[in-house]
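Using this note's numbering, the letters of the sequence shown map in sequence onto residues 4 to 276.
Ideal placement from N, C-alpha and C gives every residue a C-beta, glycine not left out.
Keep in mind the model is a prediction, meaning the values are calculated, not measured.
Some notes on the structure that comes next.
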Amino acid sequence: MKSKRLFLYLSPGQLDVLRHVRLHFQPVNAQFDPFEQNAKTIARQSVRITDAEFEAELDRQYKALPPQMAGLVSLDYFKAEARKKRAKIESQMKAKRQGKPPKMPSSAPYEQLIRLRLFERGDNPLLWERYADRHRGLVLEFDMTHPCFRQGKQILKPVQYGQARPRADHPEQPFPALFHQPAEYAAEKSWLLVRPQEEAKAEHTTSTGRRIALVPFAPQALVSVILGAGVDAELSDQVDRILQYDMRYKPGRTKRQAMLDPDQFKLHLKSTL
C-alpha cells in the first residue's frame, strides 16, 4: 500500500464515530454521482465531412472496385453517380469515424455497496472546509495496515483522477467507475473503502434524511484525533473525555490541533494530548 496512514474528515455532528467506535459508511447510490450512474449524456460531437474528404473517399471506393467492374466505368462517371448518394456515403463515413458508443460500467451492482472516503493528508484546507464543517470538525487518523481494514469483504483503493471516463472493459476491476473522478478533484488525494451492504452492523437515517451504514472498527487502528482550527471548546472537551476515559482507546491516542501558519495558506498539526 502506498500510504499506511489515511485520514477521515468529520463534522462535529459525526463525533459518534469516535464515541461509539463505528464508521459511517454511505450507500453508494445514496450519494448521486451522475458519472457513476451514467446520467444523461450528450451525443458525441458531429463529424463534419469536407469536400476534399468526400472526394478522397470516392477515389478510395473506385480503387477498391473489382478489375472487371472498374473496366466498365470511368472514374468521372463513378464519381458523378456517387455524388447523387452523398448523404448516405457521408453518413457511413461519420459512423466509421465516430465508432460504436462506449459501453460504460453498469451501476446496478452499486445498490449492494457502501463506501467510506478517506484521504492521504490531514492538513488539507480544502478538505477541512468541505468535509469537516469549515474547520469546525475533526479528523481521525487511521493505520490502514490494521487487520480490520485488510481482512474480509472489502476493497481499499486510491482514486484515480483524469478526464477520460472508465469504460466497462477497464482493466481496473471491479467497479472502475467508483475509483475514478474528474481531474478537478486531484488535490483531494482520496481513497475509497468499499464493502458489501450486508457487512454493516446497523443502519441509521440522520435528521437531514441521509442514510448511513454503521460498521465497527478496531480502536487499535486509530492513531490520532485532530481538531479543526475553528473547533469550539465543547467539542474539544468531549474529545478529551473520550480519549482519557474510554478504556477502548487505552493506551491513549494522540490529540492534535490544526493551527494556521502565520505567513502561508497552510495548516500545522500540533500535539496537545
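Practice task
Starting from the N-terminal side, write out each stretch of the alpha helix (DSSP H) that is 4 residues or longer and does not extend beyond the stretch 25 to 89.
Solution key: 54 to 66, 70 to 73, 78 to 86
Handout entry: Residue burial classification, Phe35 (beta-carbon count within 10 angstroms, cutoff 16)
Key = exposed
Practice task
Give the DSSP-derived three-state secondary structure of Ser14 in the structure shown.
Solution key: coil
Exercise for the section: Would you mind stating whether Glu39 and Leu181 have Cβ atoms separated by less than 9 Å? Expected result: yes
Problem - Pair within 9 Å by beta-carbon distance, Arg8 and Asp146 - result: yes
Problem - Beta-carbon contacts of Lys192 that lie in its chain and below 7 Å, excluding the five residues immediately before and after - result: Phe122, Glu123, Arg124
Practice task
Go to Ala236, then tell me how far its alpha helix (DSSP H) extends in each direction, as first and last residue.
Solution key: 236 to 248
Practice task
Classify Gln17 as buried or exposed, calling it buried when 16 or more other Cβ atoms lie within 10 Å of its own Cβ.
Solution key: buried
Exercise for the section: With Arg22 as the anchor, note down where its beta strand (DSSP E) starts and where it stops. Expected result: No beta strand (DSSP E) contains Arg22, which is instead part of the alpha helix (DSSP H) from 19 to 23.
Problem - Boundaries (first-last residue) of the beta strand (DSSP E) holding Arg120 - result: 116 to 122
Handout entry: alpha helix (DSSP H) segment containing Pro128, residue limits
Key = 128 to 134
Handout entry: Exposure of Tyr80, with buried meaning 16 or more beta-carbon neighbours within 10 Å
Key = exposed
Handout entry: Three-way DSSP call (helix, strand, coil) for Lys258 in this model
Key = strand
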